[in-house]
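One structure is given here, and the rest of the page talks about it.
Chains as they are written, first to last, in the working numbering: chain A, 14 to 89; chain B, 2 to 236.
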């Protein structure tokens, strides 16, 4: 298992697991798999940022990654 | 004559800004697209800091639901034009600013003409579709865009220069993006709108002065429930 710091924002926050800041997940987990495992509809996730850099669904999560997921935001 | 006809107007801008920089701002033109939660704050701040020419564009009129966050809205202005109100507000703050108001919605037919004389365009729009159309027009005109977007107490700001990938990095490819974000469910809270409009105003001033760090190919993300503030590299 590896550990990540996961933050889910705005409408995604309701999918936050307990202890999301030190979440244990299996090795070789992609962002796409993480989103599915958390029960988040994939079309709700627009921005994936990991350690301060934009990534895509295929990113392979690593131990101690800081992961943030954002929905689409377009209001003015 | 000094920098302003009204002695002392810009005294508290110095020395954060130099006198030369103040003159540069006075000779600058900024177009503000969208005069809601973001646009109202942007017009207020740019007029006060001393941008010399503001063109403010929105086809909408005020409704009661604007009062929770839109700086330009007031109860007695419900039904009145946002653009006309913005012009009066800017004139009242700083009569030395040339304030133009256009009461029209922007689309492919009028975007280019609406922005072509600007040094910077402020994207304070509430439609993702129109943001992409703005980027096409700004590319053609060779003008940078400062874009803000909000939902609830979350917001994001980026700066897009001509021929940057821009919105596609944030919203995905144009053809696959939705017209609206989650703000249709979260609404927008006043302090978040004004916070993001302040960040946009700061980006605008930095571009006009060629100074400071610009959010080009970067996205500043903020979420106020958790005090999250992060600048994400988009490429």
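Beta carbons: idealized from backbone N, C-alpha and C, even for Gly.
Residues bridged to residue i [DSSP beta-bridge criterion]
i	result
residue 21 (chain B)	In the DSSP output, where bridge partners are listed per residue, residue 21 (chain B) has none listed.
residue 160 (chain B)	B:147 and B:217
residue 204 (chain B)	In DSSP, residue 204 (chain B) forms no bridge with anything.
residue 153 (chain B)	B:189
residue 34 (chain B)	B:58 and B:124
residue 16 (chain B)	For residue 16 (chain B), which the question treats as bridged, DSSP gives no partner whatsoever.
residue 103 (chain B)	B:58
Below-8 angstroms beta-carbon distance, residue i vs any chain D residue
i	result
residue 84 (chain A)	Reference to chain D is not applicable here, since the protein chains of this structure are A and B.
Short Cβ contact (8 angstroms threshold) for residue i with residue j
i	j	result
residue 157 (chain B)	residue 86 (chain A)	yes
residue 32 (chain B)	residue 150 (chain B)	no
residue 47 (chain A)	residue 74 (chain A)	yes
residue 159 (chain B)	residue 216 (chain B)	yes
residue 88 (chain A)	residue 125 (chain B)	no
residue 129 (chain B)	residue 145 (chain B)	no
residue 108 (chain B)	residue 134 (chain B)	yes
residue 98 (chain B)	residue 52 (chain B)	yes
residue 187 (chain B)	residue 152 (chain B)	yes
residue 1 (chain B)	residue 191 (chain B)	Because chain B spans 2 through 236 in this model, residue 1 (chain B) falls outside it and cannot be assessed.
residue 197 (chain B)	residue 24 (chain A)	no
residue 104 (chain B)	residue 84 (chain B)	yes
residue 37 (chain A)	residue 16 (chain A)	yes
Burial state of residue i (16 or more Cβ within 10 Å)
i	result
residue 46 (chain B)	buried
residue 17 (chain B)	exposed
residue 28 (chain B)	exposed
Residue i versus residue j: straight-line alpha-carbon distance, rounded
i	j	result
residue 235 (chain B)	residue 59 (chain B)	30 angstroms
residue 175 (chain B)	residue 15 (chain B)	43 angstroms
residue 7 (chain B)	residue 95 (chain B)	10 angstroms
residue 44 (chain A)	residue 164 (chain B)	30 angstroms
residue 155 (chain B)	residue 205 (chain B)	20 angstroms
residue 218 (chain B)	residue 233 (chain B)	9 angstroms
residue 223 (chain B)	residue 84 (chain A)	13 angstroms
residue 230 (chain B)	residue 221 (chain B)	7 angstroms
residue 19 (chain A)	residue 80 (chain B)	45 angstroms
residue 79 (chain A)	residue 30 (chain B)	41 angstroms
Can you list, in chain order, the stretches of the beta strand (DSSP E) that have 3 or more residues and sit fully within the region 39–98 of chain B? Counting whole runs of 3 or more residues, the region 39–98 of chain B contains the beta strand (DSSP E) stretches 54–58.
Pick out the complete alpha helix (DSSP H) segments inside the region 21–85 of chain A, 4 residues or longer, and give them in chain order. The DSSP assignment places complete alpha helix (DSSP H) segments of no fewer than 4 residues inside the region 21–85 of chain A at 44–50, in order along the chain.
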